[in-house]
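Participant: Before I ask anything, here is the structure I am working with.
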Amino acid sequence: MKKTLLAAACLILTLVKGYGQQYMTRNGFVGFYSKTPAEDIKAETRQGFAIIDEGKKNLAFAVLIKGFTFPKELMQEHFNENYMESDKYPKATFNGSFAGDLAPGRDGVYHVTVKGNLTMHGVTKPVEMPATIERKGNQLIGHAVFHISPEEFNVSIPSLVREKIEKSLEVHVDIQCDQK
Amino acid sequence: MLMRFPLMIGLLFLASAVVAQDTTLLSQVGDSLTNSTKPMPVTGTFKGIYLIQLQTNETIAAGALNFEIQHRFGQLNSGAYQFFGLDNATLRLGLDYGITDWWTVGIGRSSYLKTFDGYTKFKLWRQQDGGGGMPISVTLMGTISNYTQNFPDETYLNANYRTGYATQLILARKFKFFSLELVPSYIRNNLVPTVADKNDMVALSGGARVRITKRMSLDGEYNYLFPNQVVSTKVYNALSFAWEMETGGHVFQLVFTNAQSMVPTQFISGTTSSWGNGGIYFGFNIARNFNLTSHAKKSVKY
């Protein structure tokens with residue numbers, strides 16, 4: 001009996017240790033933008049899920065492709081049906097780590113480098129980007145701007161409309177994570 | 181037992197260490213994403229608001245305008261002198277406008293009997309994916325048509341006699357690679373040729389779209405007019421097939437059908453040629469979408 005209790009205590013302790021210092025959000029912002037003479041594209045969602053593990057310097061992100069909204073409804077339909085195939089590949093995920101130190105318990109903006117694997121449309125690519133993490137009370141606020149090209153993720157664009165979409169799309173990510 | 185105890189603790193530590201790796205972080209967000217996902221409306225059940233002749237459950241987005249060209253050549257069995265129908269043509273031009281995302285109005289003019297038509301269409305329910313959502317999309321459509329062709333020996337034909345109405349309840353469901361719709365119709369023609377013919381008719385139409393590639397699909401529709409409603413002329417049920425291709429804001433369809441008209445009050449109850457004797461019309465549909473609102477045109481600011 002005692003042994004079982006002890007084992008359970010050990011387990012709980014290690015789990016607590018493993019999951020400590022985590023920050024999470026359920027309404028992370030992701031937007032991507034393209035501007036060409038022919039067409040403007042804007043798509044945004046506030047339904048991203050993100051976790052930052054401060055101790056391990058790990059972070060993960062997941063967002064539903066169908067959650068992106070466009071000002072033009074037809075564009076949103078094409079995005080889901082023809083380009084991202086969201087029925088087949090419903091999520092985009094990021095899994096990685098950041099390099100750079102966050103001073104414990106002190107508010108401020110810290111510049112970090114985020115590195116990891118971005119998965120969408122069934123393709124996983126390593127990405128690296130500069131980002132900032134801001135500590136504000138019990139929150140960690142992550143912010144990053146980076147570029148991706150649709151072709152890298154096997155998203156084929158017909159030549160007829162290719163010049164309407166920028167070769168490399170600007171992506172904005174904003175996550176306000178609360179301590180778990 | 182005592183010997184195994186430290187080993188057990190060690191294993192536990194090891195296990196929890198493995199569990200706490202970054203892959204868990206990903207599965208954690210993945211799980212919470214999956215768990216919190218609410219049913220979402222299904223989009224793109226059909227590519228356009230017209231399947232071939234029949235309307236679909238789709239409506240035009242708020243502030244967008246759809247320009248529809250429906251073109252049918254003459255009958256295939258009209259012989260070599262008529263170049264198997266290609267010398268003749270029937271055309272319907274239509275404009276469809278989205279007042280809101282769920283309310284569309286449209287007007288059309290077709291060369292068949294010089295007919296004007298107008299309709300209004302309401303998206304009542306949208307199919308939702310995910311558990312517990314609405315299983316089908318439901319759209320209500322009401323249309324009115326008036327043919328203006330002169331018949332010198334039928335001077336009694338006034339505007340009232342020339343008018344017809346059709347009301348359709350469009351039930352549609354999108355499956356993974358194909359979409360189906362079932363459309364009960366009520367049709368009213370103010371004037372019919374003989375007393376034996378019915379002014380008020382009911383019909384049941386079915387339509388399907390099968391996706392072959394991301395931008396190509398095959399469409400089919402069949403309009404069943406219940407028997408003994410039109411008796412003075414021999415009418416056939418309209419059966420149509422189309423090969424559909426989409427590029428950007430265009431939808432293009434190559435059509436084979438035995439219906440010459442493209443107006444619901446005419447093609448459902450008044451199709452007089454049949455597939456059986458080669459009374460087939462070859463043709464095409466082109467739909468072009470325009471965004472009229474300024475917020476949709478210029479939306480990106482750097």
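For the protein sequence lines, the chains are A and B, in the order given. As numbered in the numbering used here, residues 1 to 180 make up the first sequence, in order. As numbered in the numbering used here, residues 181 to 482 make up the second sequence, in order. Using N, Cα and C, we set each Cβ at its ideal position, and we do this for glycine too. These numbers come from a predicted model, not from an experiment.
(1) Please tell me whether Gly428 (chain B) has its Cβ less than 8 Å away from any Cβ of chain A.
(2) When the Cα atoms are used, what is the spatial distance from Phe49 (chain A) to Tyr292 (chain B)?
(3) Residues of the segment 384–395 of chain B with a CB closer than 7 Å to any CB of chain A: list them in chain order, please.
(4) Give me the DSSP bridge partner(s) of Leu64 (chain A).
(5) Please name the residues in the segment 311–333 of chain B whose beta-carbon is closer than 7 Å to at least one beta-carbon of chain A, in chain order.
(6) Taking Cβ positions only, does Asp202 (chain B) come closer than 8 Å to chain A?
(7) Quick one: residues in its chain with C-beta nearer than 8 Å to the C-beta of Ala38 (chain A), no 5 flanking neighbours on either side, listed in chain order?
(8) Which bits of chain B does Phe61 (chain A) rub up against, with CB to CB less than 8 Å?
(9) Pull up the distance between the alpha-carbon of Gly288 (chain B) and that of Leu320 (chain B), whole angstroms please.
(10) When DSSP labels each residue in this structure, what does Ser216 (chain B) get in the three-state scheme?
(11) Measure how close the beta-carbons of Ser449 (chain B) and Val435 (chain B) come, nearest whole angstrom, since I'm counting them as under 8 Å.
(12) Can you have a look at Ser317 (chain B) and say buried or exposed, based on whether 16 or more other CB atoms are within 10 angstroms of its CB?
(13) Tell me the DSSP secondary structure of Asp211 (chain B) in three-state form.
(14) Please check if any C-beta of chain A sits within less than 8 Å of the C-beta of Asp297 (chain B).
(15) With a threshold of 8 Å between beta-carbons, can His111 (chain A) be considered close to chain B, or not?
(16) Quick check on Leu102 (chain A) - is its C-beta less than 8 Å from some C-beta in chain B?
(17) Determine the contact status of Gly210 (chain B) and Ala62 (chain A), defining contact as a CB-CB distance below 8 Å.
(18) Using three-state DSSP, classify Leu405 (chain B) as helix, strand or coil.
(19) Using a Cβ cut-off of 8 Å (strictly closer), state whether Gly228 (chain B) contacts chain A.
(20) For Val109 (chain A), count neighbouring C-beta atoms within 10 Å of its own C-beta (all shown protein chains included) and say buried if the count is 16 or more, exposed if not.
(21) Under 6 Å Cβ to Cβ from Gly122 (chain A), same chain only, skipping five residues before and after it: list those, please.
(22) Using the rule of at least 16 other Cβ atoms within 10 Å of the residue's Cβ for burial, across every protein chain shown, is Thr280 (chain B) buried or exposed?
(23) If you measure beta-carbon to beta-carbon, which residues of the segment 215–242 of chain B are closer than 7 Å to chain A?
(24) Does DSSP put Tyr341 (chain B) in a helix, in a strand, or in coil?
(25) From the DSSP output, in three-state form, read off Gly310 (chain B) for me.
(26) Please list the terminal residues of the continuous alpha helix (DSSP H) segment that includes Phe447 (chain B).
(27) Is Asp178 (chain A) closer than 8 Å to Thr25 (chain A) when the C-beta atoms are compared?
(28) Shorter than 7 Å, the distance from the beta carbon of Glu166 (chain A) to the closest heavy atom of the ligand COA, or not?
(29) Is Ser454 (chain B) near Tyr416 (chain B), with beta carbons less than 8 Å apart?
(30) My output table needs one value for Tyr299 (chain B): the three-state DSSP class, helix, strand or coil.
(31) Since Tyr461 (chain B) and Thr437 (chain B) are thought to touch, with beta carbons under 8 Å apart, how far apart are those beta carbons, to the nearest angstrom?
(32) Interface residues of chain A around Asn469 (chain B) at Cβ under 8 Å?
(33) What's the C-alpha gap between Val198 (chain B) and Ala60 (chain A)?
(34) Taking 6 Å as the limit between beta carbons, can you name the residues of its chain near Ser168 (chain A), skipping five residues before and five after?
(35) Output yes if chain B places a C-beta closer than 8 Å to the C-beta of Val191 (chain A); else output no.
(36) Under 8 Å between the Cβ atoms of Ala439 (chain B) and Ala418 (chain B)?
Facilitator: From the atom records:
(1) yes
(2) 56 Å
(3) Lys394, Arg395
(4) A:Lys91
(5) none
(6) Only weak support exists for where Asp202 (chain B) lies, its pLDDT of 49 falling under 50; the value from the coordinates is given anyway. Yes, its Cβ sits closer than 8 Å to a Cβ of chain A.
(7) Glu163, Lys164
(8) Val209
(9) 18 Å
(10) helix
(11) In fact, because the Cβ distance is near 20 Å, the residues do not count as touching under 8 Å.
(12) buried
(13) helix
(14) no
(15) no
(16) no
(17) yes
(18) strand
(19) no
(20) exposed
(21) Tyr89
(22) exposed
(23) Ser216, Thr217, Met220, Thr223, Gly224, Ala241
(24) coil
(25) coil
(26) 444–447
(27) yes
(28) Absence of the ligand COA from the depicted structure is noted, as is the absence of any ligand whatsoever, leaving it without description.
(29) yes
(30) strand
(31) 5 Å
(32) Leu74
(33) Its pLDDT being 47, under 50, Val198 (chain B) is placed unreliably by the model, and the measurement read from it follows with that caveat. For Val198 (chain B) and Ala60 (chain A), the distance between alpha carbons rounds to 17 Å.
(34) His147, Ser149
(35) Absent from the model: residue 191 (chain A). The displayed extent of chain A is 1 to 180, so no value can be given.
(36) yes
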